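Novice: Heads up, the final residue of the sequence shown is numbered 187 in the UniProt record's numbering, and it's a clean run with no missing numbers. A virtual CB, placed ideally from N, CA and C, is assigned to each residue, including glycine. Fair warning: this is a prediction, and the values are worked out from it, not measured in the lab.
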Amino acid sequence: MKIKHYLCFITAVGLEAQKYINEGKLVPDEVMIKFIKCELQKVEDESWLLDGFPRTLSQAIALWELEKLDLAINLLVPYQAIIDRVKGRWVHLASGRVYNDGFNPPKVHGVDDVTGEPLIQRDDDKPEVVLKRLEQYEKMTGPVATFYREKGILKEFCGDETNVIWPKVLEWLCTSIPLHITTQEPS
């Protein structure tokens with residue numbers, strides 16, 4: 001569940017996170033941990049998958065103390081592949097619909113398929129901004145990968161195309177988890 005979705009419920013944790021988001025800041029670890037703890041309590045007796053969390057070592061440690069994980073996956077994608085993908089991203093601000101020149105282009109370049117309104121490219125999708133974010137991300141998440149590697153639960157996949165990486169991830173998950181996993185492509 002995304003933080004923005006959670007904010008719709010006007011929870012104390014959501015309001016606290018909103019304050020940081022509105023200021024363009026990262027949500028602090030302690031707030032993120034409260035958020036995840038609330039979400040995990042809702043699925044106490046079920047299996048779950050977290051995408052994009054934890055991002056810091058303190059988040060990883062706190063999550064481990066809440067719940068021992070079975071598996072952790074790290075996708076290793078070359079920076080240039082990420083920059084190229086982001087350069088082709090177009091957004092319809094009012095709806096949040098996202099298009100990409102490379103794999104989900106709008107029917108008419110620069111125009112939303114549903115409303116016919118113009119699409120924009122966000123300022124934070126500029127190559128130099130993306131490179132800076134990737135470098136920060138690597139500094140932040142490197143210790144997380146090390147933490148899970150030391151726990152013996154990390155599996156890493158290398159590649160730069162979803163249609164190449166995803167089948168490998170799915171095959172590994174199907175052999176690693178004794179549950180039914182859907183083969184639906186990620187959106």
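Find the nearest neighbour of Lys68 within the set Gly96, Lys126, Trp48 and Arg97, judged by alpha-carbon distance.
Specialist: For Lys68, the nearest C-alpha among the options comes from Trp48.
Novice: Are the beta-carbon atoms of Val144 and Phe157 separated by less than 8 Å?
Specialist: Contact: no.
Novice: Please confirm if the segment 74-94 is in contact with the segment 105-124, defined as three or more CB-CB distances below 8 Å between the two stretches.
Specialist: Taking 8 Å as the limit for Cβ pairs, the verdict is that the segment 105-124 does touch the segment 74-94.
Novice: Starting from the N-terminal side, write out each stretch of the alpha helix (DSSP H) that is 4 residues or longer and does not extend beyond the segment 110-163.
Specialist: Whole alpha helix (DSSP H) segments, 4+ residues: 127-151.
Novice: Please state whether DSSP places Arg85 in a helix, a strand or coil.
Specialist: Here Arg85 sits in helix by DSSP.
Novice: By Cβ distance below 8 Å, which residues in the same chain neighbour Arg133 in space, the five residues on each side in sequence not counted?
Specialist: Answer for Arg133: Asp124, listed in chain order.
Novice: Taking the DSSP output, what are the residues bridged to Trp90?
Specialist: According to DSSP, Trp90 bridges with Tyr99.
Novice: Thinking C-alpha only, which one of Glu46, Phe53 and Arg89 is nearest Tyr137?
Specialist: For Tyr137, the nearest C-alpha among the options comes from Phe53.
Novice: Just checking my contact of Met140 with Thr56 at CB under 8 Å: how many whole Å lie between their CB atoms?
Specialist: Correct: roughly 6 Å between the Cβ atoms.
Novice: What first and last residue would you give for the beta strand (DSSP E) that runs through Ile73?
Specialist: From DSSP, the beta strand (DSSP E) with Ile73 extends over Ala72 to Leu76.
Novice: Under 8 Å, do Val27 and Ile21 count as touching if we go by C-beta distance?
Specialist: A contact, by the Cβ cut-off of 8 Å.
Novice: For the putative contact between Trp172 and Lys155, defined by C-beta atoms under 8 Å, what is the C-beta separation to the nearest angstrom?
Specialist: So it is a contact: roughly 6 Å between Cβ atoms.
Novice: Using a Cβ-Cβ distance under 8 Å, would Cys158 count as near chain C?
Specialist: No chain C appears in the structure shown, which is made up of a single protein chain.
Novice: Helix, strand or coil: which one does DSSP assign to Val108?
Specialist: Here Val108 sits in strand by DSSP.
Novice: Output the distance between the C-alpha atoms of Tyr148 and Val114, rounded to the nearest integer angstrom.
Specialist: Roughly 43 Å separates the two Cα atoms.
Novice: Would Ile177 be called buried (16 or more neighbouring beta carbons within 10 Å of its own) or exposed?
Specialist: Ile177 is exposed by the Cβ-count criterion.
Novice: So what's Val43 in DSSP terms, helix, strand or just coil?
Specialist: In the structure shown, Val43 sits in coil (DSSP, three-state: anything other than H, G, I, E or B).
Novice: Considering only C-alpha positions, which residue in the set Gly159, Val164 and Thr175 is nearest to Leu76?
Specialist: That would be Gly159, whose Cα lies nearest to the Cα of Leu76.
Novice: Check for me: the alpha helix (DSSP H) holding Leu49 runs from which residue to which?
Specialist: Taken as a continuous stretch (DSSP letters only), Leu49 belongs to no alpha helix (DSSP H), as it is neither H nor E.
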